[in-house]
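Protein chains in written order, with the working numbering: chain A, 1 to 320; chain B, 1 to 320.
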């Protein structure tokens, strides 16, 4: 099985992620055309004038619009008869999997999610180096053709990212933990600190832990709501978990020696954060099978290269 | 009322904060002697060999040890007959206020807290520029002599920090919001993300929001526990507030349109964080009275200079 790279890429939506991708592809001299609904962005990016024009001749379409806008673009792709490779960059994976099956079932779908956000958004904030070394999840379902997955993996590893194989369900559980719930916590912390008469002094005293703990509360509420609302069940489960932990900490602070009581409760979080991010282990050649890839992703590993014959991948696991 | 600067400062405890202060005082050519219980730190800092030696001739003693060690040092100060100005740098203010009243009642106490932490600790991490522009709370109780407060304020503003007047109770409420609760949240987030079989993938996908939301979980658990446990009532109240907000977010994510439901809930945190930190307003001369100072601190303001006559201060409020 050969894994030919895409001959022409269409990037639909030129915000931070789409814009950065289009610029990176241009740097690598991979033929790519962009499109954005905003005329000023199209002008700034030298983009095509319509979706139909952008996808003309493309064998990979990257859906880089926010999830609420995705349905309309999928309708255009279907109307244009697009049946090639299709991926996205949104921060949830179950919802687009269902949406594509419904609105553009003829396309060969491999969901994608580069873990490379910023508080800034828009083409003006785009940066071709945005994906260097970042984890880029590529959805591997029972319904995914392995060849399609490997073609996408070859592209994202060529861009310099780590291709992480995961099912949509596993992805959505993971990002609820490490992105969506942290966004909700940040908003709660910022709003809570500022409340009432004591708020002014509190904000005047805010330093490092407040700055970092609330940083992502500066993200536009519509974006955060789309992320969390598009992954509502997993985020609810994660909030339950966190509420449970905070209730526990609260109880320990009621004991006669709260310092001694709280110390062991803090240890697991300390152990996790002190050894994160893990150093990459030694790269190894692995057979490019569905089972090997999914096991690699579940173990916290990733693919750094796809063999040209499509038979093997270069796999890396975090070192202990 | 004249506000003479201290003639000789003793800094007891030469970790990150005490070490940075000692080095800053040396840079400013303010006579200062340090002491630390650890012989290697004493050697590195060129410190005195005992508490008694360090405080010999000092008219300001800065207690820069962790709260659990403070009682023993206060006993030494009392045994040495110290009756001069005494301050500290710990992250809670009610507990040391009580402790000093009990263990060293002859000293003139003004509690202090520079908002300038780091994950690193110890003299090796110290930095004379650590306090540049930071908020430095100075406790102003009914029992505090205004002259003592102003002498301390003259010193910390001379160091380049913002002197923030606050009662111990108001301080402890504020830091529960902007420091102690964020430390508990960070630990919960880090430990929660790593749990169970899904933990490895989650940690592999962790990016900016996880990195920042959990940063302070890397602080030594004993330090975080001492902070939070030393301010247990205020931290419990803040955890209640945050748990309530998370329960609310969880409910909104259960609505039929969770994106629309969550958006307005995110707005207050977004508004707070987008305008934080506030730009300083125009400095103004204010009478140096207890009422003026406490009102300034409650309004989120600070003192940047103390008039040499002790009658006025230069006050700054955050601009709107």
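Glycine included, every Cβ here is placed at the ideal spot set by N, Cα and C. Here the structure is a predicted model, which means the values were calculated and not measured.
Chain-order list of residues whose beta-carbon lies under 8 Å from that of residue i (same chain, five-residue window excluded)
i              : result
residue 68(B)  : 226
residue 131(A) : 20, 21, 24, 114, 116, 156, 159, 160 and 161
residue 223(B) : 66 and 121
residue 324(B) : Because chain B here runs from 1 to 320, residue 324(B) falls outside it and cannot be looked at.
residue 258(A) : 252
residue 80(A)  : 51, 52 and 55
residue 91(A)  : 113, 117, 175, 179, 180, 227, 230 and 231
residue 39(B)  : none
residue 294(B) : 140, 165, 166 and 167
residue 177(B) : 238
Cβ-based burial, residue i [other Cβ within 10 Å; buried from 16]
i              : result
residue 319(A) : exposed
residue 254(B) : exposed
residue 46(A)  : exposed
residue 244(B) : exposed
residue 315(B) : buried
residue 192(A) : buried
residue 313(B) : buried
residue 89(A)  : buried
Residue i versus the options, residue with shortest Cα-Cα distance
i              : options                          : result
residue 268(B) : 187(A), 299(A) and 316(A)        : 187(A)
residue 199(A) : 238(B), 193(B), 42(B) and 307(B) : 238(B)
residue 34(A)  : 78(A), 11(A), 16(A) and 236(A)   : 11(A)
residue 263(B) : 228(A), 135(A) and 249(A)        : 228(A)
residue 86(B)  : 256(B), 276(B) and 153(B)        : 153(B)
residue 107(B) : 256(B), 148(B) and 218(B)        : 148(B)
residue 32(B)  : 302(B), 60(B) and 39(B)          : 60(B)
residue 163(A) : 93(A), 171(A) and 135(A)         : 135(A)
residue 280(A) : 300(A), 58(A) and 92(A)          : 300(A)
residue 44(B)  : 7(B), 179(B) and 124(B)          : 124(B)
residue 272(A) : 314(B), 219(B) and 241(B)        : 219(B)
residue 216(B) : 181(B), 41(B), 195(B) and 71(B)  : 181(B)
residue 145(A) : 37(A), 3(A), 305(A) and 303(A)   : 3(A)
residue 129(B) : 309(B), 27(B) and 303(B)         : 27(B)
residue 166(A) : 313(A), 297(A) and 211(A)        : 297(A)
residue 250(B) : 196(A), 260(A) and 184(A)        : 184(A)
residue 242(B) : 71(A), 103(A), 99(A) and 189(A)  : 189(A)
residue 205(A) : 13(B), 133(B) and 17(B)          : 133(B)
residue 70(B)  : 256(B), 101(B) and 30(B)         : 101(B)
residue 221(B) : 261(A), 84(A), 197(A) and 195(A) : 261(A)
residue 290(B) : 307(B), 150(B) and 73(B)         : 150(B)
residue 72(B)  : 84(B), 13(B) and 83(B)           : 13(B)
residue 303(A) : 29(A), 76(A), 197(A) and 137(A)  : 137(A)
residue 274(B) : 246(A), 93(A), 49(A) and 214(A)  : 214(A)
residue 278(B) : 196(A), 236(A), 207(A) and 76(A) : 207(A)
residue 276(B) : 247(A), 201(A) and 76(A)         : 201(A)
residue 282(A) : 317(A), 196(A) and 76(A)         : 317(A)
residue 171(A) : 196(A), 308(A), 93(A) and 76(A)  : 93(A)
Closer than 8 Å to chain D by CB, residue i
i              : result
residue 170(A) : Protein chains in the displayed structure are A and B, and chain D is not among them.
Cβ shell of residue i (< 6 Å), same chain only, five flanking positions each side left out
i              : result
residue 127(B) : 20
residue 292(A) : 286
residue 15(B)  : 121 and 122
residue 42(B)  : 36
residue 18(B)  : 11 and 64
residue 57(B)  : 8
residue 74(B)  : 103 and 104
residue 305(A) : 157 and 314
residue 284(B) : 315
7 Å CB neighbourhood of residue i in its chain, flanking five on each side removed
i              : result
residue 173(A) : 234
residue 210(A) : 193
residue 203(B) : 193 and 194
residue 30(B)  : 9
residue 84(B)  : 58, 59, 60, 61, 107 and 108
Distance cut-off 7 Å: residue i Cβ against heavy atoms of the ligand PLP
i              : result
residue 276(B) : Ligands displayed in this structure: none; no statement on the ligand PLP is therefore possible.
- Would you list, in sequence order, the uninterrupted alpha helix (DSSP H) runs of no fewer than 4 residues that lie entirely inside the segment 146–172 of chain B? 146–159
- Using Cβ-Cβ distances below 9 Å, what residues of the segment 180–203 of chain B are close to chain A? 180, 181, 182, 183, 184, 185, 186, 187, 188, 189, 190, 191, 192, 193, 194, 195, 197, 198, 199, 200, 201, 202 and 203
- Within the segment 229–293 of chain B, note down every full beta strand (DSSP E) run reaching 3 residues or more, in order along the chain. 284–287
- Message: As an exercise, report each continuous beta strand (DSSP E) stretch of at least 3 residues that is fully enclosed by the segment 62–93 of chain A, in chain order.
- Response: 85–88
- Message: Tell me which residues of the segment 143–156 of chain A have at least one Cβ-Cβ distance to chain B shorter than 8 Å, keeping chain order.
- Response: none
- Members of the segment 265–293 of chain B near chain A, C-beta cut-off 8 Å: 265, 266, 267, 268, 269, 270, 272, 273, 274, 276, 277 and 278
- Contacting positions in the segment 300–320 of chain B - beta carbon closer than 8 Å to chain A: 300, 301, 302 and 318
- Task: Scan the segment 236–254 of chain B for residues whose Cβ lies nearer than 8 Å to a Cβ of chain A and list them as they occur along the chain.
- Result: 236, 238, 239, 240, 241, 242, 243, 245, 246, 247, 249, 250, 253 and 254
- Message: Quick check for students: name the residue ranges of the beta strand (DSSP E) that lie wholly in the segment 95–149 of chain A, counting only runs of 3 or more.
- Response: 112–114 and 135–139
- For the segment 7–23 of chain A, which residues have a CB atom closer than 9 Å to at least one CB atom of chain B, in sequence order? none
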